Amino acid sequence: MSSAAVMFDMEYARWLDEDNKYMAEIQGALQAQVLDADLGTIVEDCMRHHDELFHLRAMLARSDVFHLMTGMWATQSERCFLWMAGFRPSEVLKMLIPQLDPSTEQQLLGMCNLQQSSEQAEEALEQGLKQLHQSLADAVGAGPLNDGADVANYTGLMALALDRLDNLESFYRQADNLRQQTLHHMRRILTTRQTARCFVSLGEYHRRLRALSSIWASRPRE
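Residue numbers (the UniProt record's numbering): 1 to 222.
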């Protein structure tokens, strides 16, 4: 494992601990029905907390994109639901919209439009990544595969493949940018209390996925 991967795993574990504290703080504030101004401060802190994670992921993508894309930093059950090394924005929005009641027609329309635009952006990224995978496969598989003595040909093919691998970072950073923009757009559409409930719901969703891995690992086996 690279030093960048080790550092990210440590920072991500710290981030998760802080995230649990933020979720508890938001839940407590919602239950206590604190003033919107006070709740808004917590929500903005939570938003900055997520921005910090995207910054950590961007640094990892530059140093070791394979560690990011394989999801080795996540639990087994979380990996089953990863889309380009993170949550799929449109699926998260689909999950959160029913949690918004009560909401206005304008808010629902805004969230549905955000979901639709997210789906379009996701599809474009998927198509681009598919083309990159194909071009990478073509580069690695080009020329005779049984001519180990042709060092010049091998070196040229590997150089071409490495050049195309450099584009991987761009795709995964674009995916994270979409995730980050989705959260910020959601914040502008919703009220402070609705946003707080969305953060709690999103945190609980990922907490359940992590718990599922623990339950699966400790299940009785014949």
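Yeah, the Cβ is synthetic: ideal placement off N, Cα and C, and Gly gets one too. Because the structure is a prediction, the values reported are computed rather than measured.
In its chain, beyond the 5 residues on either side, Ser-77 have a beta carbon closer than 6 angstroms to the beta carbon of Leu-212. Counting other Cβ atoms within 10 Å of its Cβ, Ser-218 stays below 16 and is therefore classed as exposed. Nearest C-alpha to Gln-174 among His-184, Phe-54, Asn-153 and Arg-193: Phe-54. Under DSSP, the beta-bridge partners assigned to Gly-86 are Trp-83.
In this structure the segment 113–121 does not lie against the segment 155–167, because fewer than three pairs of beta carbons, one per stretch, are closer than 8 angstroms. Counting along the chain, the unbroken alpha helix (DSSP H) around Arg-207 starts and ends at 192–217. Taking 8 angstroms as the cut-off, the Cβ atoms of Tyr-22 and Leu-56 do not count as close. In this structure, the straight-line span from the alpha carbon of Ala-61 to that of Asn-153 is close to 29 angstroms. Contact between Val-43 and Thr-182 is ruled out by a C-beta separation of about 16 angstroms, above the 8 angstroms threshold.
When only Cα atoms are considered, Leu-202 and Thr-104 end up about 21 angstroms apart. In this chain, the alpha helix (DSSP H) harbouring Gly-28 covers 3–32. Contact check for Phe-171 against Leu-129 passes: the beta carbons are separated by less than 8 angstroms.
Judged by their CB atoms, Arg-210 and Thr-75 are nearer to each other than the 8 angstroms cut-off. Here the alpha carbons of Gln-131 and Met-186 stand approximately 31 angstroms from one another.
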